[in-house]
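Student: Okay, here's the structure, questions in a sec.
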Amino acid sequence: MRVIKQALRVTYPFILVMTLISAIGQSCLTTNGFFFQIYHIGQWLPGLDLWQGAFQVMGLVVNNVVAVIVAFATGYFLALTYKRSGLAVGLVSALAFLTLNVNYEVLDQTKRAGEQGAQFVENNLGPQGIFLAIIVGLSVGWFVSKLLARTTKWHWFERLTLTGRVAWALVIVLVLNVLIGYGLSWLSEGGLNGLVYLGTNALITNPGHYGVMILAVTTFNNLMWWLGLIGPVGLAGNNSVRSLQNLAAAVQHGSVWHAPYPVTLHTLGDAYANFGGAGMTLALIIAIWLGSRQIHYRRIATQTFLPNLVNLNNATLLGLPVLYNPILLIPFLIAPAVNITLAWCAITWKLVPPMAYPMPRTTPGPLMAYLGTGGDWRALLLSLVCLTVSVLIYLPFVKLLNQEDQEATDDAA
Numbered sequence: 001m002r003v004i005k006q007a008l009r010v011t012y013p014f015i016l017v018m019t020l021i022s023a024i025g026q027s028c029l030t031t032n033g034f035f036f037q038i039y040h041i042g043q044w045l046p047g048l049d050l051w052q053g054a055f056q057v058m059g060l061v062v063n064n065v066v067a068v069i070v071a072f073a074t075g076y077f078l079a080l081t082y083k084r085s086g087l088a089v090g091l092v093s094a095l096a097f098l099t100l101n102v103n104y105e106v107l108d109q110t111k112r113a114g115e116q117g118a119q120f121v122e123n124n125l126g127p128q129g130i131f132l133a134i135i136v137g138l139s140v141g142w143f144v145s146k147l148l149a150r151t152t153k154w155h156w157f158e159r160l161t162l163t164g165r166v167a168w169a170l171v172i173v174l175v176l177n178v179l180i181g182y183g184l185s186w187l188s189e190g191g192l193n194g195l196v197y198l199g200t201n202a203l204i205t206n207p208g209h210y211g212v213m214i215l216a217v218t219t220f221n222n223l224m225w226w227l228g229l230i231g232p233v234g235l236a237g238n239n240s241v242r243s244l245q246n247l248a249a250a251v252q253h254g255s256v257w258h259a260p261y262p263v264t265l266h267t268l269g270d271a272y273a274n275f276g277g278a279g280m281t282l283a284l285i286i287a288i289w290l291g292s293r294q295i296h297y298r299r300i301a302t303q304t305f306l307p308n309l310v311n312l313n314n315a316t317l318l319g320l321p322v323l324y325n326p327i328l329l330i331p332f333l334i335a336p337a338v339n340i341t342l343a344w345c346a347i348t349w350k351l352v353p354p355m356a357y358p359m360p361r362t363t364p365g366p367l368m369a370y371l372g373t374g375g376d377w378r379a380l381l382l383s384l385v386c387l388t389v390s391v392l393i394y395l396p397f398v399k400l401l402n403q404e405d406q407e408a409t410d411d412a413a
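The opening residue of the sequence shown carries number 1 in UniProt numbering; numbering runs sequentially from there.
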């Protein structure tokens, strides 16, 4: 756990830059961005295409290597615990991760048709691949560290320098990972990472209009995010059949009160459960401002507030980190569940109209339900209630982290 925490903190600056770029690019420079539409940026910003291209390139540069960085950092810090060459083991871990994400399907097509394609499964190299990167970093870091220790005692390898032993370890790791990666390519085009997401998505089916199912699926989804399964395990309900039927009814009658399916993933999950990012991390940031004495936490909360406001919370998950933090897991699951329950009751009892209009992903979280209901003040009030309740849920756990930090300080002294 210490190794994972160190690796995520090293990766945090890269994730922070990527998230800030994504927040500006998606909210201000894309045609469906919230601020792009509100302020009509396309009408007055000169060289819009150039700005869009520049932010897209910057986002791709960081986004497409962040999981590789995690694999390297995890292997590096694990090797240091075994007093081995962290740099060498980290590089082997990164290469092993890349080997697992080679696009073997494209290689086969190239042999048959002579066509060129992406040599790697690029989606797996970004935040989506963080879970696998940690697993690879820990596994390869342990294996190579142990192998380097053993080869110093083997007769055949005792005369080899560190370079020679690392080279042998690299060959063994690459061969094993090529066999694993190529074998898994027969099961999933996305390799091992794609297979994990395929299995996860198979468990997450459309919960329909049943509140209990929506609650269960949202909680399971947030658990996956806490484990580092970030990205394609998304539960945005904008485009579900029932959400489209609600939209058609709202347009036809001129009111969201006539929605035929008032309880859906869109009306509960998108509107109230996870605005600010999975786990309601916008509330976590406010709770840190109110109750945390740790300078590190307060600094990261300030740095990641704006991305969280537009529902992009990758930097918060890795920076604190929230991932694999057992203390923060409880409110990370409970806060969205409580919000769903509150919204479910309010909508069922017709105290608040259901959200019927689709909203851009980067709509500021507290305004999501307000704008999605056509500007109903009751939806805004319920959003603020959910945010306040979530802050109160997070606050005792943030204070518990203060005690943990004090105990660590006392032990060091």
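Virtual Cβ for every residue (Gly too), placed ideally from N, Cα, C.
Every value quoted in this text rests on a predicted model; they were computed, and no experiment measured them.
Taking DSSP as the reference, what is the three-state secondary structure of Lys350?
Tutor: To locate residue 350, count along the sequence shown from 1; it is residue 350. When secondary structure is reduced to three states using DSSP, Lys350 falls in the coil class, being assigned neither helix nor strand.
Student: Quick test of the definition: if touching needs 3 or more C-beta pairs under 8 Å, does the stretch 65 to 72 touch the stretch 90 to 105?
Tutor: Yes, since at least three Cβ pairs between the stretch 65 to 72 and the stretch 90 to 105 fall closer than 8 Å, the two stretches touch.
Student: So, under 8 Å CB-CB, Trp349 and Leu268 are touching, yes? Tell me the CB distance rounded to an integer number of Å.
Tutor: Within the sequence shown, the letter at position 349 stands for residue 349. Within the sequence shown, the letter at position 268 stands for residue 268. Rounded, the Cβ-Cβ distance is 14 Å, inconsistent with contact.
Student: Whole angstroms are fine: how far does the CA of Leu392 sit from the CA of Gly229?
Tutor: In the sequence shown, counting from the first residue as 1, residue 229 sits at position 229. In the sequence shown, counting from the first residue as 1, residue 392 sits at position 392. Correcting the residue type first, residue 229 is Leu in the shown sequence and not Gly. Each residue's Cα considered, the two are about 27 Å apart.
Student: From Asn63 to Leu223, what distance separates their C-alpha atoms?
Tutor: Residue numbering aside, residue 63 sits at position 63 when the sequence shown is read from its first letter. Residue numbering aside, residue 223 sits at position 223 when the sequence shown is read from its first letter. Going by the C-alpha atoms only, they are around 23 Å apart.
Student: Within the same chain, show all residues whose beta-carbon is closer than 7 Å to that of Val10, passing over the 5 residues directly before and after it, in chain order.
Tutor: Taking the first residue of the sequence shown as position 1, residue 10 is located at position 10. Cβ-Cβ distances below 7 Å link Val10 to Ala73 in the same chain, with the five nearest sequence neighbours on each side left out; the list follows chain order.
Student: Below 8 Å between beta carbons: does that hold for Leu312 and Ser22?
Tutor: In the sequence shown, residue 312 corresponds to position 312, counting from 1. In the sequence shown, residue 22 corresponds to position 22, counting from 1. Yes; because the gap between Cβ atoms is below 8 Å, this pair is in contact.
Student: Okay, do the stretch 302 to 322 and the stretch 268 to 287 touch, 3+ Cβ pairs below 8 Å being the bar?
Tutor: Counting Cβ pairs under 8 Å, three or more are found: they touch.
Student: Could you tell me the distance, in whole angstroms, from the CA atom of Leu95 to the CA atom of Arg165?
Tutor: As a working note, residue 95 is residue 95 in the sequence shown. As a working note, residue 165 is residue 165 in the sequence shown. Rounded to whole angstroms, Leu95 to Arg165 spans 16 Å at the Cα level.
Student: May I have the straight-line CA-CA distance separating Tyr394 from Asn325, to the nearest angstrom?
Tutor: Residue mapping note: residue 394 aligns to position 394 of the sequence shown, counting from 1. Residue mapping note: residue 325 aligns to position 325 of the sequence shown, counting from 1. Tyr394 and Asn325: Cα-Cα distance of roughly 13 Å.
Student: Any idea if Trp225 is buried or exposed, counting beta-carbon neighbours within 10 angstroms, 16 or more meaning buried?
Tutor: Along the sequence shown, read from residue 1 onward, the residue named residue 225 stands at position 225. Buried, because 16 or more other Cβ atoms sit within 10 Å of the Cβ of Trp225.
Student: So, at 7 Å on beta carbons, what are the nonlocal neighbours of Gly191 in its own chain, with the 5 sequence-adjacent residues on each side left out?
Tutor: The residue you call residue 191 lines up with position 191 of the sequence shown. Excluding sequence neighbours, Gly191 sits near Leu100, Asn101, Val121, Asn124, Gly181, Leu184 and Ser185.
Student: Note down the Cα distance separating Asn221 from Val263, rounded to an integer number of angstroms.
Tutor: Counting from 1 along the sequence shown, the entry for residue 221 is found at position 221. Counting from 1 along the sequence shown, the entry for residue 263 is found at position 263. Taking the straight line joining both Cα atoms gives about 18 Å.
Student: Report the three-state DSSP secondary structure of Val102 (helix, strand or coil).
Tutor: By one-based count along the sequence shown, residue 102 stands at place 102. Note: Val102 maps to strand in three-state DSSP.
Student: Is it true that the stretch 360 to 379 meets the stretch 30 to 43, where meeting means three or more beta-carbon pairs spaced less than 8 Å apart?
Tutor: yes
Student: State yes or no: is the C-beta of Gly372 within less than 8 Å of the C-beta of Met355?
Tutor: Your numbering for residue 372 matches position 372 in the sequence shown. Your numbering for residue 355 matches position 355 in the sequence shown. Cβ atoms of Gly372 and Met355: closer than 8 Å.
Student: Note down, in chain order, each residue of its chain lying with its Cβ closer than 6 Å to the Cβ of Ala79, except the 5 sequence neighbours on either side.
Tutor: Stepping through the sequence shown from its first residue, residue 79 is reached at position 79. Cβ within range, chain order: Gly86, Val89, Gly141 and Ser145.
Student: Rounded to whole angstroms, what's the CA-CA distance from Pro353 to Leu381? Just pull it up for me.
Tutor: Counting from one through the sequence shown, the residue named residue 353 turns up at place 353. Counting from one through the sequence shown, the residue named residue 381 turns up at place 381. Spanning the two alpha carbons is a distance of roughly 12 Å.
Student: Can you have a look at Thr218 and say buried or exposed, based on whether 16 or more other CB atoms are within 10 angstroms of its CB?
Tutor: The sequence position of residue 218 within the sequence shown is 218, counting from 1. Buried.
Student: DSSP state of Phe120, grouped into three classes?
Tutor: Position 120 of the sequence shown, counting from 1, holds the residue named residue 120. Here Phe120 sits in strand by DSSP.
Student: Inspect the beta-carbon positions of Gly129 and Ala67 and report whether they are closer than 8 Å.
Tutor: Along the sequence shown, one-based indexing puts residue 129 at 129. Along the sequence shown, one-based indexing puts residue 67 at 67. It is a contact, given that the beta carbons lie within the stated cut-off.
Student: Sorted by chain position, which residues of the same chain lie with C-beta nearer than 7 Å to Arg2's C-beta, five sequence neighbours on each side aside?
Tutor: Mapped onto the sequence shown, residue 2 falls at position 2. Nothing meets the Cβ criterion.
Student: Alpha carbon to alpha carbon, how far is Leu195 from Ala133?
Tutor: The residue labelled residue 195 in the question sits at position 195 within the sequence shown. The residue labelled residue 133 in the question sits at position 133 within the sequence shown. For Leu195 and Ala133, the distance between alpha carbons rounds to 14 Å.
Student: With a 10 Å radius around its C-beta and 16 neighbouring C-beta atoms as the bar for buried, classify Asp270 as buried or exposed.
Tutor: For the purposes of this step, residue 270 is taken as the residue at position 270 of the sequence shown. Its Cβ being crowded by 16 or more others within 10 Å, Asp270 is buried.
Student: Excluding sequence positions up to five away, which residues of its chain have a Cβ less than 6 Å from the Cβ of Met18?
Tutor: Taking the first residue of the sequence shown as 1, we reach residue 18 at position 18. Closer than 6 Å at the Cβ level, and outside the excluded window around Met18, lie Val62 and Asn63.
Student: Which residues in the same chain as Leu198 place their Cβ atom closer than 7 Å to its Cβ, once the five residues preceding and following it in sequence are excluded?
Tutor: The sequence position of residue 198 within the sequence shown is 198, counting from 1. Same-chain partners within the cutoff: Ser188.
Student: Roughly how many whole angstroms lie between the Cα atoms of Leu48 and Leu29?
Tutor: Your numbering for residue 48 matches position 48 in the sequence shown. Your numbering for residue 29 matches position 29 in the sequence shown. Leu48 and Leu29: Cα-Cα distance of roughly 8 Å.
Student: Whole angstroms is fine: what's the gap from Lys5's alpha carbon to Leu45's?
Tutor: Your numbering for residue 5 matches position 5 in the sequence shown. Your numbering for residue 45 matches position 45 in the sequence shown. Between Lys5 and Leu45, the C-alpha separation is close to 41 Å.
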